Amino acid sequence: MSPSKQYAKKQAKARYRRRQKAHERLARDRCQAQRAAEALHAALEELGLPANLVAELEGRLQSQQKLLGKIVGGMFPALFGCRTPAELCRVRGWNKNWPSRLLRALPKRSWLKRLRHLGLDVLVPLWRPVAARSQATQSRWQWTGVIDDSVFHKYGEQLRLVGRWWSGQQHRVLSGIDGLVLVVVVGDGKLVVPVDFAIRRPDPGGAGAPCRDKLHWARTMLDERLAALGHRGLVLPPPIITGDSWFGDSKLMTHVRQQHQGTLLVEGKSTYRFTLADGRQVHGHDLREGAWHWRTHPGEPRVCYMRLPATSPTYGAVTLVIVDEPGAERFYLLCLETTLSGPALIRRWRRRYWIEFMFRVLKHLLATAACQAHNEDAYYGHLVLRLMASFVWFYTSRVMYQGHLTMEEIIFSLKHYWRFVDLEALELQALSSGVSGQAV
């Protein structure tokens with residue numbers, strides 16, 4: 028065989044192998060998308076959403092057809108490569124009025140009630156088997172409350188909920204809706220369960236009292252959710268709540284300690300003033316920049332810390348934990364006087380970042396800011412559905428897939444291959460039965 032013919036034959040075989048690998052990869056990706064859709068549907072069934080939320084919406088709308096597929100589309104528009112309801116209706120071939128009808132079907136109290144019940148229905152069965160176990164077992168299923176707010180940028184028509192808020196992500200004032208979320212982190216992030224949500228109203232113009240601020244909402248949400256867990260018959264250990272420096276209010280910290288025997292752990296500011304046990308007076312800036320006798324712990328490798336009892340003219344007796352970690356700026360944690368060790372407080376503080384992860388999912392993966400609602404009830408429905416969607420995604424990845432498939436992989440798989448998924452419950456009908464790309 029001449030060299031030219033040998034080379035041509037070699038290249039033909041290489042093209043054939045690449046084509047076969049591409050077909051195998053395509054078939055594998057379509058099978059993965061099918062399994063992801065089935066796992067998502069199984070997660071919805073386990074969480075009871077079809078039996079509760081979907082059934083209530085079908086009753087309110089007096090619908091003769093099943094609405095699970097349309098509700099799932101409204102919860103997860105990114106699965107179909109869409110951001111807005113208009114894009115979703117155009118891609119799925121639905122009536123353009125379906126999204127607004129679904130969001131207006133329930134008043135805002137009912138939307139919030141569904142979100143709170145979902146949190147209770149998930150948390151209560153998790154704690155009951157652990158309640159009678161040893162403290163070592165309970166320590167692996169610790170609940171850490173995390174509270175934070177985020178601004179969802181709002182374009183177009185301005186509702187009464189829209190105000191001017193500071194955005195920590197963009198480091199500037201934005202015109203948008205400020206949502207306050209309370210989540211419970213189970214363990215070191217086994218589950219992140221949203222249990223309550225509120226929208227802060229901007230202060231009205233003219234005479235009259237201002238609207239509830241962030242601290243008032245935080246106090247109300249904590250009291251109501253802990254009371255609801257108590258009504259379910261749960262006897263929980265003293266709660267530990269984490270929040271950023273905006274929640275470092277002495278009245279709120281004292282309320283959590285006196286009413287719930289709990290601890291509110293926040294990041295301290297550089298302007299705070301303390302008196303240490305040896306009589307030295309320091310500011311928060313000194314805690315961040317000073318030289319200390321650092322300690323280490325096997326549970327927190329590469330982290331140096333210093334636990335200091337102190338007295339504050341604002342908070343009274345407090346516990347300070349200075350944290351120095353390579354590659355990060357030094358900071359210190361602040362809470363009322365407690366017997367918890369420094370590493371235990373640091374571990375609880377690390378769980379606060381799960382709420383940042385949830386906000387990232389809401390804004391970037393679920394496109395929560397791209398809302399076209401025109402009234403308050405519909406906007407509450409939009410935000411509550413997206414909060415539920417973020418938890419369902421997390422539940423699918425952590426429980427159904429046992430962490431073997433990430434949320435991003437699930438989204439990518441369904442976003443590109445949802446047209447080839449066959450699942451009647453979600454109104455998905457495969458357009459192709461093979462891998463040739465020819466619709467049948």
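For the sequence shown, my numbering assigns the number 28 to the initial residue and increments by one for each residue that follows. Just so you know, even glycine gets a beta-carbon here, dropped at the ideal spot from N, CA and C. The structure presented is a predicted model; accordingly, all values stated were derived computationally and were not measured.
Do L242 and F274 have their CB atoms nearer than 8 Å? Yes, the Cβ-Cβ distance between L242 and F274 is below 8 Å.
Nearest-angstrom Cα separation, counted from F421 out to L218:
7 Å
| field | Spatial distance of R44 from K135 (CA atoms) | value | 57 Å
Of the residues R413, A63, Q196, H443, the one placed nearest A397, counting alpha carbons only:
R413
### Task
Following the continuous alpha helix (DSSP H) through L218, name the residue where it begins and the one where it ends.
No alpha helix (DSSP H) contains L218, which is instead part of the beta strand (DSSP E) from 218-227.
Next item on the list: Compute the beta-carbon to beta-carbon distance between L303 and A355, rounded to the nearest angstrom, for a pair I have assumed lies under 8 Å.
Entry: Wrong, their Cβ atoms sit about 24 Å apart, outside the cutoff.
Residues of its chain near A225, where Cβ-Cβ distance is below 6 Å and the 5 sequence neighbours each way are ignored
L207, W244
Please report the distance separating the alpha-carbon of Q38 from that of R52. 21 Å
Query raised in the report: Is the region 358-366 touching the region 88-106, taking contact as three or more C-beta pairs under 8 Å?
Result: no
(request) If I'm right that Y444 touches R128 with Cβ under 8 Å, what's the distance once you round it to whole angstroms? (result) With a Cβ gap of about 29 Å, Y444 and R128 do not count as contacting.
| Do the region 246-264 and the region 134-154 touch if we need at least three Cβ pairs shorter than 8 Å? | The region 246-264 makes contact with the region 134-154: 3 or more CB pairs, one atom from each, lie closer than 8 Å.
* **Spatial neighbours of R191 in its chain, beta-carbon cut-off 8 Å, leaving aside the 5 residues before and after** => V200, L201, S202, P229
Rounded to the nearest angstrom, how far is the Cβ of T423 from that of L67, given a contact under 8 Å? 5 Å
**Prompt:** What did DSSP end up calling A132 once you bin it into helix, strand or coil?
**Reply:** In this structure, A132 counts as coil in the three-state DSSP scheme.
Hey, would you say G311 sits closer than 8 Å to T298, going by beta carbons? yes
>> My output table needs one value for L3: the three-state DSSP class, helix, strand or coil.
In response: With the chain covering 28 to 467 only, the question about residue 3 has no answer from this structure.
- request: Run the CB neighbour count on E435, radius 10 Å, all protein chains shown included, and call it buried at 16 or more, exposed below.
  value: exposed
message: Starting from L376, trace the beta strand (DSSP E) in both directions and tell me its first and last residue.
response: In the sequence on display, residue 376 carries Trp and not Leu. First-last for W376: 369-377, but that is the alpha helix (DSSP H), not the beta strand (DSSP E).
ask   = For A337, does the three-state DSSP call read helix, strand or coil?
value = strand
Where does H310 fall in DSSP's three states?
Note: H310 maps to strand in three-state DSSP.
Checklist line | Proximity to S277 [Cα-Cα], best of L291, K390, I267 | finding: Selection L291, K390, I267 evaluated against S277 yields L291 as nearest (Cα-Cα).
Exercise. Quick one: any contact between the region 377-384 and the region 346-360, if contact means 3 or more CB pairs under 8 Å?
Worked result: no
Q.
Let me check understanding here. Comparing Cα to Cα, which of A344, P370, E327 lies closest to P353?
A. E327
According to the neighbour-count rule (16 or more other Cβ atoms, all chains shown, within 10 Å of its Cβ), is L455 buried or exposed? The residue is buried, with at least 16 neighbouring Cβ atoms inside 10 Å.
- Can you tell me where the beta strand (DSSP E) with G206 in it begins and where it stops? 199-213
Look at the alpha carbon of R213 and the alpha carbon of W170, and state the distance between them as a whole number of angstroms. The residue you asked about is not Arg; residue 213 is Val in the sequence shown. Answer to the nearest angstrom: the Cα atoms are 5 Å apart.
Report task. Classify L71 as helix, strand or coil using the three-state DSSP reduction. Result -> The answer is helix: DSSP assigns L71 an H, G or I state.
- Task: Have a look at the DSSP bridge pairing and note the partners of H180.
- Result: G203
task: Just mark V330 as buried or exposed, buried being the case when its beta carbon has 16 or more other beta carbons within 10 Å.
output: Buried is the call here.
Next on the checklist: Considering only the alpha carbon of each residue, which of D215, R155, I437, R300 lies closest to A371?
Outcome noted: D215
| Quick one: Cα of P221 to Cα of D175, how far? | 11 Å
Quiz item: Just to confirm, are R227 and D205 a CB contact at a threshold of 8 Å?
Solution: yes
Problem set entry | Where the alpha helix (DSSP H) through C362 begins and ends | No alpha helix (DSSP H) contains C362, which is instead part of the beta strand (DSSP E) from 358-363.
Bridge-paired residues (DSSP) for G404: Rather than Gly, the amino acid found at residue 404 in this sequence is Asp. In DSSP, D404 forms no bridge with anything.
Based on Cα-Cα distance, which residue from A41, A63, K40, A49 lies nearest to D449? A63
### Query
T111 to L361, Cα distance in whole Å?
Their backbone Cα atoms lie some 42 Å apart in a straight line.
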